[in-house]
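Asks:
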Amino acid sequence: MMNFIKILFWDTAGQVYLRGSEGVFLVYDVTDEKSFESIEQKWMKDIKQYGNKNVPIVLVGNKCDLEYQRKISKEKGKELADKLNIPFYEISTKDNINVDDPFIHLTRNILENTDGNENFIKYSIQDDFKQLFERKEFCDFEIECKDDKNPVEKIKIPIHKLIIQNRLKINENQVKNELYSILSQNSQKEVNVLLEWIYSGKVPYSNSSIFKEWKNKLSNICKIEFETEIKPFLKDLEILMNSEETKDFQIISNNQEIKVHKIILLARSELYRGMFNVSQDTSNSVHEYSNKQTETIQSLIHFFYTDDIPKIENKTIYEELKECVDYFQLNSERLIQIIQKIEKEIEKEKKLIQKEELFNF
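Going by this note's numbering, the sequence shown opens with residue 259, and the numbers climb by one from there.
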């Protein structure tokens, strides 16, 4: 059976994310010396600073059909590629010369580099929390900042205090006082860069310089590393998962209480967003659901916080988790991929045990 792989390519020009990319084309114009020089002087440095570690890179010299205008020889391009220890191709998009080759090469490298790698699976949790911030649902506090259109005026931005406290490692009073005071001195754009990082762990490449300034601006109230990797973001949510005293919602499963943060349910499940929107009752803090095993619901809650699920001996749990996708209206891709990954691992372990038993026999 043939497997199809969907690959999405972005022409970034440095204006969108390098961070999170699974592969990079470095393209220069063979008729333009400046574009060639910028490969080593700028773009390789940016990739090392903002790109994923060990991300596959391919050097591409474009417009090889314009021989009479050529400024960069093929040999010079090859020398640079050898120096950078990356593959090299010359192409012409106009005459369709060698265009497929670098794409095939990079795609193969991506698959080899990510085979069995957890990072290859897209983390849905970052997108879910970013959307939570953008929707401004059930915010419980407002901060002020300078209006970008009129700096003399102030504009209010709704936030969720618990998310801010969790990510910046500050208490509620610090959010209301010190943080409020600092943010009010900054522009709406600057504040939104910080908030996007708080909610999603991501910073667009074009805003990286603004983000760097926040470490100094907030150094008096929070002692954290302003990292933009997925692991610190997930670690903070795991800390929140273990903060029993701040949990404000219960799911009753087969007469067992499972405590959870309402903000997590809002971010992760369309079911709960609809449920809370319909009721508009902040005192509504219980949901009874006994159609699945309690262990299934516990695993689902674990997924809500961590974008992962624990390995479970009871295989029926995985089948029930798949069935939960529709009821809870989840981002199914991530959950299904994790389940399939675990099922493959279990199958491999089973085969190894069978081989050992056969050998011992």
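In this text, a Cβ means the ideal position worked out from N, Cα and C, and glycines have one as well.
(1) Short check: CB of E395 to CB of K414, under 7 Å?
(2) Between the Cα of K489 and the Cα atoms of V544, C397, S477 and R425, which residue gives the shortest distance?
(3) How would you call F378, buried or exposed, if buried means at least 16 neighbouring beta carbons within 10 angstroms?
(4) Does the count of Cβ pairs from the segment 516-529 and the segment 381-390 closer than 8 Å reach three?
(5) Just grab the DSSP bridge partners of V316 for me.
(6) Between G281 and L437, what straight-line distance do the alpha-carbon atoms span, to the nearest angstrom?
(7) How big is the Cα-Cα spacing for K447 and N356?
(8) Could you check if V410 is buried or exposed, using at least 16 other CB atoms within 10 Å of its CB as the buried criterion?
(9) Am I right that D398 and K419 are in contact with their C-beta atoms under 8 Å? What's the rounded C-beta distance?
(10) According to DSSP, S464 sits in a beta bridge with which residue or residues?
(11) DSSP state of H363, grouped into three classes?
(12) Please tell me whether F294 and I344 are closer than 7 Å, where the distance is taken between their beta carbons.
(13) Is I330 helix, strand or coil when you go by DSSP?
(14) So is K550 buried or exposed if we call it buried at 16+ other beta carbons inside 10 Å?
(15) Using a C-beta cutoff of 7 Å, does E485 count as contacting chain D?
(16) Do you know whose CA, among T486, G309, F361 and D287, lies nearest F325's CA?
(17) Buried or exposed: where does S511 fall if 16 or more other Cβ atoms within 10 Å of its Cβ makes it buried?
(18) Taking 7 Å as the threshold (C-beta atoms), are K332 and E348 in contact?
(19) What residue from C480, S458 and N450 has the CA that sits closest to I468's CA?
(20) Measuring alpha carbon to alpha carbon, tell me which residue in N542, K573 and Q514 is nearest S548.
(21) Going by beta carbon distance, what residues of the same chain come within less than 6 Å of L495, once the five residues before and after it are set aside?
(22) Taking the beta strand (DSSP E) that P416 falls in, what are its first and last residues?
(23) Should N431 be labelled buried (16 or more other beta-carbon atoms within 10 Å of its own) or exposed?
(24) Rounded C-beta distance between T289 and K321? I'm assuming under 8 Å.
(25) Three-state secondary structure (DSSP) at F357?
(26) Measuring CA to CA, which of L588, Q423 and E502 is closest to I482?
(27) Under three-state DSSP, which class holds K404?
(28) Report the residue ranges of all alpha helix (DSSP H) runs contained in full by the segment 501-539; include only those spanning at least 4 residues, in chain order.
(29) So V316 and F283 are in contact, right, with Cβ under 8 Å, and what is the actual spacing, rounded?
(30) Please report the distance separating the alpha-carbon of M302 from that of S279.
(31) Looking only at C-alpha atoms, which of G319, N312 and K493 sits nearest to I297?
(32) What is the DSSP secondary structure of F396, counted as helix, strand or coil?
(33) Might you give, ordered along the chain, the residues of its own chain that have their beta carbon closer than 7 Å to the beta carbon of T351, omitting 5 neighbours on each side?
(34) Ordered along the chain, which non-local residues of its own chain (more than five positions away) have a Cβ less than 7 Å from that of D373?
(35) Taking the straight line between their C-alpha atoms, what separation do you get for V544 and Q556?
Replies: If we stick to the structure as given:
(1) no
(2) R425
(3) Its pLDDT being 46, under 50, F378 is placed unreliably in this model, and the value from its coordinates should be taken loosely. Classification of F378: exposed, given that the 10 Å Cβ count is below 16.
(4) yes
(5) F283
(6) 38 Å
(7) 43 Å
(8) exposed
(9) 6 Å
(10) Paired residue(s): none; S464 is not in a bridge.
(11) helix
(12) no
(13) coil
(14) buried
(15) Absence of chain D from the displayed structure is noted, only one protein chain being present.
(16) The sequence shown places Glu at residue 325, rather than the Phe named in the question. Here the closest residue by C-alpha is D287.
(17) buried
(18) yes
(19) N450
(20) Q514
(21) Y563
(22) K412 to I417
(23) exposed
(24) 6 Å
(25) The question names Phe, but residue 357 is Val in the sequence shown. It is coil, neither helix nor strand.
(26) Q423
(27) strand
(28) 520-526 and 528-537
(29) 6 Å
(30) 14 Å
(31) G319
(32) coil
(33) N320 and V357
(34) Here D373 scores only 48 on pLDDT, less than 50, and its place in the model should not be relied on; the value that follows carries that caveat. Answer for D373: no residue qualifies.
(35) 15 Å
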